[in-house]
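Protein chains in written order, with the working numbering: chain A, 68 to 358; chain B, 31 to 477.
Backbone N, C-alpha and C fix where the C-beta goes; we use that ideal spot for every residue, glycine too.
Notes follow once the structure below has been shown.
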């Protein structure tokens, strides 16, 4: 059911390994990071297949014990194997094995998230999409409230604190899921308020002005084809921002909200130094062409 | 030819006063074959007598209208010339100038189909409205309001297909409508120049080739106001309807969501119980849309939401029903929540009906959590569930939902004789479950 956003994540990450890498933006250390590589384990895949379609309860029980052993040995590897198994599942039962195993083994949400997030940086688009889909289990998405990115915030903050490469796939996934909530979460996770408080205020204000227009669209107070000039001006500043994920936010806004699409915005973002920004801008441009 | 009859005819006409009629009689038409003025199926001396009585007059009675065989507004020698050609079967050919009905009786009928979806009828099929239901304002042909602003992402799909069938081939028939809201086109997407014009709510001859016995037309409800209206077919030369449809505008929309891995198709998979119900409702005159639950995001957005919003905003739909199985149940909650949140934009509508069958929360494809929340703002909620286990159905199950039917929290089918052995993979297929959805929805939601 989360295929739509999973596809967005897939598109956004499509150029990770394939496209020639342009010069990264000044503060985008992860832009040229090598994709994460994961190779499914044959024994694990066989055990999961037996659990999904074993001929009788005895066979499935044996398979479950094998899965328990795998969990004890390397839980993250088991979880990534579950993602790969789900990606390839051809039956409803096969597609539900991951959920059943996580429940039966009482695997905590933090463990699942931590294990799956690296898959958002693989070169395998289907596996990225599957990981994004599975992560949706823990995001509490709803029409009534913002998604819960608290687990992601912790991961990004850890990377920021330790100097590890940014989890670019995760950041792109968050922005594809809810650009506004993602942008605000990223400013907090990277401690922008401590490093550059005036900039934090500029970003927060820009997000607010843009979100206000979206709110007016969503609630019938502004024609969906129109935006307020102040929001357009704020978006234009974000498109020129030095941080890649701020520009990616801008690209997601114009992808999701046609009223923000102008030829200038599209042209600028399609020529962005960051491949993720360019990919989303291309998607927005294609949508504009189809309208 | 009967010589005696011709002799008598000639004598009477010769004695007649030849006057030019001053005016045709408005509002009266001739329902009979050319020359059969008395309508007894024969063209004989009785008809001649009737003709003679009208000779030289303006046609003010049905007999005289039937005597005005060329339709020029007067009964005169030109009509007499036509009459002699058909008198007593003197010719097998209908006189070309005779604008009365064909000497051969015309039969015509209309067949209406259930509403389209996108580029055609998929995932269902082209299903005809039963003859017995054609004039029913509930079971009959429903039609979507097609006012400006309607969003059809896959192209125009709000016109109703109607098949006109005639006998003999090429027979001249006209359509008569009961309200100006009905417009008729020869193309499903209203190509320019393909509208069939009405004058005083009647068309000219429906375009049929000389050998054609059928013609597909597309009927549009082009008014923003709800209502019912008839569409009848009748011989061009007659005002006697041969067949009539009664269209009613849809005031509701039914959204049907399958379980994980269930994709709507036709014929409907009997193991996809919710789709079986959806097809039954469609056949029974509801505007029912069947979806793979994957089209509903965890925030309720997606194709199903778009369809509901378009119906509410642009087609005057004020009633919504949503039901789903497994993850489709979880998506039922998400969709109801989204529509409820978007009321400031959408205006006034009511979610009259929702139903879960073994509803599973749908935050992702691997979500195995029970969906135990009542869909927001629904008037009536029906709930069926069973109990999942690891090896039987991977823990997949629904559970009791507050304020549901049967009261107080729905039906645990494992407590029934028929459902005692149910699993998640079979619970949606019980006829008892399907019938309960169909009957309770029917009681809650107008078409």
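Beta-carbon to beta-carbon, residue 275(B) and residue 260(B) are separated by about 7 Å, close enough to satisfy the 8 Å threshold. When DSSP states are grouped into helix, strand and coil, residue 467(B) belongs to the helix group.
At least one CB of chain A lies nearer than 8 Å to the CB of residue 328(B).
When secondary structure is reduced to three states using DSSP, residue 259(B) falls in the strand class. If the five residues before and after residue 338(B) are omitted, its C-beta is found closer than 7 Å to the C-beta atoms of 283, 285, 350, 369, all from its own chain and listed in chain order. If you draw a 10 Å sphere on the C-beta of residue 288(A), you find fewer than 16 other C-beta atoms in it, and that means exposed. Checking the DSSP bridge columns, you'll see residue 207(B) partnered with 261(B).
No Cβ-Cβ contact shorter than 8 Å links residue 147(A) with residue 393(B). When secondary structure is reduced to three states using DSSP, residue 95(B) falls in the helix class.
For residue 321(A), the uninterrupted alpha helix (DSSP H) segment begins and ends at 311 to 323. With the rule of 3 Cβ pairs closer than 8 Å, the region 263 to 280 of chain B does not count as touching the region 290 to 305 of chain B.
Identification of chain A residues near residue 426(B) by a Cβ-Cβ cut-off of 7 Å yields 163, ordered along the chain. Between residue 184(A) and residue 222(A) the beta-carbon gap is near 6 Å, inside 8 Å, which marks them as a contact.
Put simply, the CB of residue 286(A) is near chain B, with a gap under 8 Å to one of its CB atoms. Any Cβ of chain A closer than 8 Å to the Cβ of residue 404(B) would place that residue at the interface, and such an atom is absent. For residue 206(A), the nearest CB of chain B lies under 8 Å from its own CB, placing it at the interface with that chain. For the C-beta of residue 183(B), not a single chain A residue is nearer than 7 Å; the gap to the nearest is close to 10 Å.
Listed along the chain, the chain B residues whose CB falls inside 8 Å of the CB of residue 171(A) are 420, 425. Per the Cβ contact rule, the region 234 to 249 of chain B is in contact with the region 189 to 197 of chain B (3 or more Cβ pairs under 8 Å). Judged by their CB atoms, residue 352(B) and residue 379(B) are not nearer to each other than the 8 Å cut-off.
Between the region 163 to 177 of chain B and the region 105 to 113 of chain B there are fewer than three C-beta pairs closer than 8 Å, too few to call the two in contact. Comparing C-alpha distances from residue 295(B) to each of 135(B), 94(B), 152(B) shows the shortest one belongs to 152(B). Of the residues 356(A), 333(A), 357(A), the one whose Cα lies closest to the Cα of residue 347(A) is 333(A). The C-beta separation of residue 459(B) from residue 415(B) comes to about 14 Å, leaving the pair out of contact by the 8 Å criterion.
Residue 242(A): member of the alpha helix (DSSP H) spanning 235 to 244, first to last residue. Comparing alpha-carbon positions, the option among 225(B), 60(B), 251(B) lying closest to residue 210(B) turns out to be 251(B).
If you draw a straight line from the Cα of residue 269(B) to the Cα of residue 206(B), it is about 9 Å long. Its chain contains 462 as the residues whose beta carbon lies nearer than 6 Å to that of residue 448(B), once the 5 sequence neighbours on both sides are disregarded; these appear in chain order. Interface criterion met: the Cβ of residue 395(B) is under 8 Å from a Cβ in chain A. Per DSSP, residue 187(A) lies in no beta strand (DSSP E) segment and is marked neither H nor E.
Residue contact check for residue 252(A) against chain B: no CB pair falls below 8 Å.
Non-local C-beta neighbours of residue 333(B) in its own chain, meaning closer than 6 Å and more than five positions away in sequence, comprise 325, ordered along the chain.
C-alpha of residue 80(B) to C-alpha of residue 212(B): approximately 40 Å in a straight line.
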